[in-house]
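Quick mapping for you: the protein sequence lines, in order, are chains A and B. Read left to right, the first sequence gives residues 100 to 445 (the numbering used here). Read left to right, the second sequence gives residues 100 to 445 (the numbering used here). Backbone N, C-alpha and C define an ideal beta-carbon position, used for all residues, glycine too. Please read all numbers here as calculations on a predicted model, not as lab measurements. Read the structure below first, then the notes.
Protein chains: 2
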Amino acid sequence: MKNKSSSSNLLVVGSVAFDSIETPFGKVNKALGGSASYFSLAASFFARPSLVGAVGNDLTDKYRTPLQKHNIDLSGMEQVDGKTFAWGGKYSFDLNNRTTLFTKLGVFKQFKPKLSQAHKSSDYVFLGNIHPALQLEVLAQINKPKLVGLDTMNLWIETAPKLLAEVLKKIDIFIINDSEAREFSGEHNLIKAAKKIMRMMEAISPRPSPHKGREKTLIIKRGEYGLLMFQQSSKKIAASPAKALAPRNDTNGLSIFHLPGYPLEDVIDPTGAGDSFAGGFMGYLCREGSRPFPTFKHLKRACVYGSVMASFCCEQMGTERLQSLLQADIKARYGKFKKMTEFELD
Amino acid sequence: MKNKSSSSNLLVVGSVAFDSIETPFGKVNKALGGSASYFSLAASFFARPSLVGAVGNDLTDKYRTPLQKHNIDLSGMEQVDGKTFAWGGKYSFDLNNRTTLFTKLGVFKQFKPKLSQAHKSSDYVFLGNIHPALQLEVLAQINKPKLVGLDTMNLWIETAPKLLAEVLKKIDIFIINDSEAREFSGEHNLIKAAKKIMRMMEAISPRPSPHKGREKTLIIKRGEYGLLMFQQSSKKIAASPAKALAPRNDTNGLSIFHLPGYPLEDVIDPTGAGDSFAGGFMGYLCREGSRPFPTFKHLKRACVYGSVMASFCCEQMGTERLQSLLQADIKARYGKFKKMTEFELD
Numbered sequence: 100m101k102n103k104s105s106s107s108n109l110l111v112v113g114s115v116a117f118d119s120i121e122t123p124f125g126k127v128n129k130a131l132g133g134s135a136s137y138f139s140l141a142a143s144f145f146a147r148p149s150l151v152g153a154v155g156n157d158l159t160d161k162y163r164t165p166l167q168k169h170n171i172d173l174s175g176m177e178q179v180d181g182k183t184f185a186w187g188g189k190y191s192f193d194l195n196n197r198t199t200l201f202t203k204l205g206v207f208k209q210f211k212p213k214l215s216q217a218h219k220s221s222d223y224v225f226l227g228n229i230h231p232a233l234q235l236e237v238l239a240q241i242n243k244p245k246l247v248g249l250d251t252m253n254l255w256i257e258t259a260p261k262l263l264a265e266v267l268k269k270i271d272i273f274i275i276n277d278s279e280a281r282e283f284s285g286e287h288n289l290i291k292a293a294k295k296i297m298r299m300m301e302a303i304s305p306r307p308s309p310h311k312g313r314e315k316t317l318i319i320k321r322g323e324y325g326l327l328m329f330q331q332s333s334k335k336i337a338a339s340p341a342k343a344l345a346p347r348n349d350t351n352g353l354s355i356f357h358l359p360g361y362p363l364e365d366v367i368d369p370t371g372a373g374d375s376f377a378g379g380f381m382g383y384l385c386r387e388g389s390r391p392f393p394t395f396k397h398l399k400r401a402c403v404y405g406s407v408m409a410s411f412c413c414e415q416m417g418t419e420r421l422q423s424l425l426q427a428d429i430k431a432r433y434g435k436f437k438k439m440t441e442f443e444l445d
Numbered sequence: 100m101k102n103k104s105s106s107s108n109l110l111v112v113g114s115v116a117f118d119s120i121e122t123p124f125g126k127v128n129k130a131l132g133g134s135a136s137y138f139s140l141a142a143s144f145f146a147r148p149s150l151v152g153a154v155g156n157d158l159t160d161k162y163r164t165p166l167q168k169h170n171i172d173l174s175g176m177e178q179v180d181g182k183t184f185a186w187g188g189k190y191s192f193d194l195n196n197r198t199t200l201f202t203k204l205g206v207f208k209q210f211k212p213k214l215s216q217a218h219k220s221s222d223y224v225f226l227g228n229i230h231p232a233l234q235l236e237v238l239a240q241i242n243k244p245k246l247v248g249l250d251t252m253n254l255w256i257e258t259a260p261k262l263l264a265e266v267l268k269k270i271d272i273f274i275i276n277d278s279e280a281r282e283f284s285g286e287h288n289l290i291k292a293a294k295k296i297m298r299m300m301e302a303i304s305p306r307p308s309p310h311k312g313r314e315k316t317l318i319i320k321r322g323e324y325g326l327l328m329f330q331q332s333s334k335k336i337a338a339s340p341a342k343a344l345a346p347r348n349d350t351n352g353l354s355i356f357h358l359p360g361y362p363l364e365d366v367i368d369p370t371g372a373g374d375s376f377a378g379g380f381m382g383y384l385c386r387e388g389s390r391p392f393p394t395f396k397h398l399k400r401a402c403v404y405g406s407v408m409a410s411f412c413c414e415q416m417g418t419e420r421l422q423s424l425l426q427a428d429i430k431a432r433y434g435k436f437k438k439m440t441e442f443e444l445d
């Protein structure tokens, strides 16, 4: 069971879709899209992802080819009678707002994921942005995951908060947008929001961490402004007179990583950036999976790789840039990102 | 002339004001404010600033005391007949918007800065946010500054763009908000905006830099999201096949530093944060002034100190937190900031 030979061990459940996108800089019609497509393409540069989702019989080979070229395991991509999920959206001139023109769930409406034996023994699992009830169903089928990541959206926060709260207790890493974090927690300030959400995840406890080396992690994405990552710190904070003097902003007890966004001169299409982030993030952790559980240092690097993949995603329409990307591009941008953000102690 | 013995060598010209501020978390009436007050208090932790500005005869000792306690040279703070500049503002619930309730220029209306002999030989000069014509007048009086920093605002971008363009060519470091940078350049994307503004500063040239070790620097502040710093890179970029493949986002030729904001759990009052940034930034450069001109590494550290001072500024109403701050607080936050943002190469 520990050595699954050829079976891939990064599983993602999410959507494969026809995306029709219009931005001030380009337009595509019925292009390959969906959260699981972006995730898998980004993750494929680090590990071999298995994609679990449903597509209709209108999904021609043309859409499969780029996924296959990236060695993505499509055995869990169920083809059923009906139409593939389709989404249309249009962005404002500064790309900060988008209007959904249409959402046709198609075969995704009746989607009930059933995992194969190989997929049930996945080590790394990413529950893409689907109904929390489905996320729970998938999770129940995995034998003994090493690490489970989770995405969600405002729709589930508003319509299924109790189920979402249930999922949250069972996962390791929760990735959420800043606006979602604010809505979910009812707190405008992101550190206050983070603390509330971490309590829901049972990631913060008044006693020493109950997770024994398996600390739960919250990542709040801020779009072009980067991200904040939070974990309960395992270190005990020594009481000091200096601490008593600090009246506020006592983030002692929290490990925080604050990464700005990679600055791009030409953003063409931000669709899929969040899924590409998750793909790079989880892909890296899977590749480095020899350790029992990632350390905060590892999670930081995973965030940087995720951000790098998200930045590439925005450079062309849809999945185009992810399709043409080379390992050397990723490596170069990681190095540039480090150079751009590092500074020395005085 | 090189060794000015006891005279301080960091000069700031700007306003000293009565501030009346209301935020969701507090309220002050006729408190010490103004760009030069915030700048000087923040800078005083690094160097001895000389404040140049005008105040009315209604400025009682109560307002001078905190400045004097921080060893700020007030010999250039001219007291004239009339009323001290007064400003009133109110912040929205999330502190992201503020409404100016009143602006009474008072003695600042007729302010014509006349520098003393000692101030004319200042090495480090910060031209606070006043009319570009006044900024030019001050600059003309300085004998041979080592480094000149500049602030401005939308009002001057709109009403005096030509004079502002003239100042820009004569200074070393331009500090501007993201919204101002967008308005000034007519570009929404900040890298595009930066390139345009750098051309106006003559900071970018098609030939090797004409500044011979005195590179011009642009800093775009993004409020709670931190900042971007730009300089023309002195290094020649080797042509490589990898470069030819990269279709966009070619920031080669630019040195970029991207610092996120220091995350605060309790922001009480953001008034003066920008001036505190500039004070910490210029104060640090002045303290480290033994070198002929700061390197990019030095400028990075100056940005971090500036951001640290800005973050403290927001923790209490008006200048309160800057008044109670200790060197140890600054040092501790700098270290925490580094820990929070650093990551390793893979």
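- Taking 9 Å as the cut-off, the beta carbon of L246/B is found closer than this to the beta carbon of F392/B.
- When Cβ-Cβ separations below 9 Å define contact, P359/A makes contact with chain B.
- For the stretch 392-413 of chain B, the set of residues with a beta-carbon nearer than 7 Å to any beta-carbon of chain A comprises K396, K399, R400 and V403, in chain order.
- When DSSP reads this structure, L246/B sits in a beta bridge with Y223/B.
- Residue burial is scored here from C-beta neighbours: E323/B has at least 16 other C-beta atoms within 10 angstroms and is therefore classed as buried.
- For F356/A, the closest Cβ of chain B is nearer than 9 Å.
- The beta-carbon of L317/A is placed no less than 9 Å from the nearest beta-carbon of chain B.
- Shown here for H230/A: same chain residues with a beta carbon closer than 7 Å to its own, the five before and five after excluded, namely W255 and A259 in chain order.
- Residue range P231 to Q240 is occupied by the alpha helix (DSSP H) that includes E236/A.
- Contacts between M439/B and chain A, judged by CB atoms closer than 8 Å, involve I355, F356 and H357 in chain order.
- Pairwise C-beta distances place the stretch 122-135 of chain A in contact with the stretch 415-428 of chain A, as three or more of them are shorter than 8 Å.
- Taken through DSSP and simplified to helix, strand or coil, K320/A comes out as strand.
- Close to L289/B, with beta-carbon spacing below 8 Å, are these residues of chain A in chain order: P362.
- Rounded to whole angstroms, the Cβ separation of S114/A and G227/A is 7 Å, and the two are in contact under 8 Å.
- In this chain, T183/B is not harboured by any beta strand (DSSP E), its DSSP state being neither H nor E.
- Taking C-alpha positions only, S119/A is separated from A135/A by approximately 16 Å.
- A distance below 8 Å between beta-carbons, with the five flanking residues on each side excluded, links K269/B to the following residues of its chain, in chain order: L235, L238 and V247.
- Here A264/B is exposed. Its C-beta has fewer than 16 other C-beta atoms within 10 Å.
- In this structure, the beta-carbon distance from G205/A to F225/A does not fall below 9 Å.
- Judged by DSSP secondary structure, F442/A falls outside any alpha helix (DSSP H); it is assigned neither H nor E.
- Between G434/B and chain A, the shortest Cβ-Cβ separation is below 9 Å.
- Of the other Cβ atoms in all chains shown, 16 or more fall within 10 Å of the Cβ of A280/A; this residue is therefore buried.
- Contact between A142/A and G371/A fails: their C-beta atoms lie close to 13 Å from each other, not under 8 Å.
- Under DSSP, I274/A forms a beta bridge with D250/A and I318/A.
- Residue contact with chain B for G325/A: present (Cβ-Cβ distance below 9 Å to some residue of chain B).
- Residue pairing by DSSP puts E177/B in a beta bridge opposite A153/B.
- A direct Cα-Cα distance of roughly 11 Å separates E257/B from T251/B.
- The three-state secondary structure of Q426/A, taken from DSSP, is helix.
- Taking a 10 Å sphere around the C-beta of K168/A, we find fewer than 16 other C-beta atoms and assign the residue as exposed.
- Residues of chain B with a Cβ closer than 7 Å to the Cβ of E443/A are, in chain order, K396 and R400.
- Per DSSP, the beta bridge partners of G125/B are T122/B.
- Non-local beta-carbon contacts of L200/B in its own chain, meaning distances under 7 Å to residues more than five positions away in sequence, involve G187, G188 and K189 in chain order.
- Here V111/A is near P148/A, since their CB atoms are less than 9 Å apart.
- Taking C-beta atoms under 8 Å as the contact rule, M381/A and Y223/A qualify, at a distance of about 6 Å.
- In the three-state DSSP reduction, P212/B falls in the coil class, being neither helix nor strand.
- Assignment of H218/B by DSSP, reduced to helix, strand and coil, places it in the helix class.
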